[in-house]
Structure formats: structure tokens, C-alpha cells
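Each step along the sequence shown adds one to the number in full-length UniProt numbering, with nothing skipped, and position 9 is 9.
All remarks here apply to the structure that follows.
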Amino acid sequence: MKVTMIAAAAENNALGKDNDLIWHLPDDFKRFKAITSHHHIIMGRKTFESFPKLLPNRKHIVITRQGDYKKEGVTVVHKLEDALKQCPGEDEVFIIGGGEIYKQALPYADKIELTRVHDTFEADAFFPEIEESVWKLVSSEYHEKDEKHKIDFTYLTYSKNPLNPT
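If you want it as C-alpha cells, here you go:
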């Protein structure tokens, strides 16, 4: 099973503030939907609670420290390792946030799909630093700001460097 982390992060690795996104990039939402649909998505409780409803065509796995946490249509676990065990037979699973879950998932990840938002923001959740000795950039696609996107951004795909598979 391949573990892919997918995120949008600013130049200073900002992910969000007050359990919300800081920017609005419709094309990034479309890309996220296309990549994660029909897969298991693993996230922390706060990330899950930031959604207005369950994301269609995905199996939701929520990691929380709350022992009695229950939500309809969601598998609840208390550790990342348990979340990964909930995905038997899956070719690829997606870690979708937040900051603490990304940090925990980094050693398990095989791939990172990162939308780099070309600005810096005040935030309270951050994506972990991508170490060039561990990760290799395999593709990059730049998007200039336009009428629907107020900020330039780049889709970056990283794979774990086989010379240093830490």
C-alpha cells in the first residue's frame, strides 16, 4: 500500500488558521477531489470537523485522542498506525491533515502531493519541512494567479528518495 500525503501549504509551510483554510484555490479543490476520490482518506479530528459534510466517494478515517468520539460514516481510531490498518487491500491511501497528522505520517509516506501557495501567511497549523535528502521532486506544474485564483501556486509531486528511504 502506498501512503500519499496531500496538502496545500504556503511558502512558510502554513496550512491553516483557526481550523480553516487561509486561501481559496478552486483548481486545487478539483485536483484534491480527482486524486483522493474512491480512496481512504486519513485525517485528524479537527480537519474532519472543518468539513461541512462527508466528502463523497471516499472512506473517512479520523484519528483522535477522544476515547468516546463517534461520527456516522466515519471510522474512528486513536493512532496513525491503527488508521493505516483500516485500509487492507488498498493500493493507495491519503493523509489529508492536519499539521500534527502530517508530522506523524512523514515516516510512513511514499509520496507527497503538495500545492505550494506562493505567499506567506499567519497560521496555527503547518506542513512539516520537506528534506531534500529524503524526498525527490518528480514533477512541478506552475499556475499563475487569475480571476479565480488570487495567488500563484505550483503543484509539486515528491517521491521518497530511494537512496535515503528514512
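Ideal Cβ placement from N, Cα and C applies to all residues, glycine included.
Buried or exposed: where does M43 fall if 16 or more other Cβ atoms within 10 Å of its Cβ makes it buried?
buried
Around the Cβ of A7, are there at least 16 other Cβ atoms within 10 angstroms (buried) or fewer (exposed)?
buried
Enumerated in chain order, which unbroken segments of the beta strand (DSSP E) with a length of 3 residues or greater are wholly contained in the stretch 53-94?
58-63 and 74-77
Rounding to the nearest angstrom, what Cα-Cα distance links A105 and P56 in this structure?
23 Å
Going by the beta-carbon positions, is the gap between I41 and F121 smaller than 7 Å?
no
For K148 and K30, I'd like the C-alpha separation in whole angstroms.
13 Å
Is the stretch 60-76 in contact with the stretch 105-116, if contact means three or more CB pairs nearer than 8 Å?
no
Give every residue of the same chain whose Cβ lies closer than 7 Å to the Cβ of P128, excluding the five residues on either side of it in the sequence, and list them in chain order.
Y102, K103 and L106
Less than 7 Å between the beta carbons of F126 and L25, yes or no?
no
List the whole-angstrom C-beta distance separating V74 from Q86, where the pair is believed to meet the contact cut-off of C-beta under 8 Å.
The Cβ separation is near 11 Å, so there is no contact.
Rounded separation between I96 and M5 - CA only:
6 Å
In three-state DSSP terms, what is E131?
coil
So, V134 versus N161, is the Cβ gap smaller than 7 Å?
yes
I63 and A34 closer than 7 Å at C-beta:
no
Only counting the same chain, and skipping five residues up and downstream in sequence, which positions put a Cβ closer than 7 Å to that of I130?
I112 and Y158
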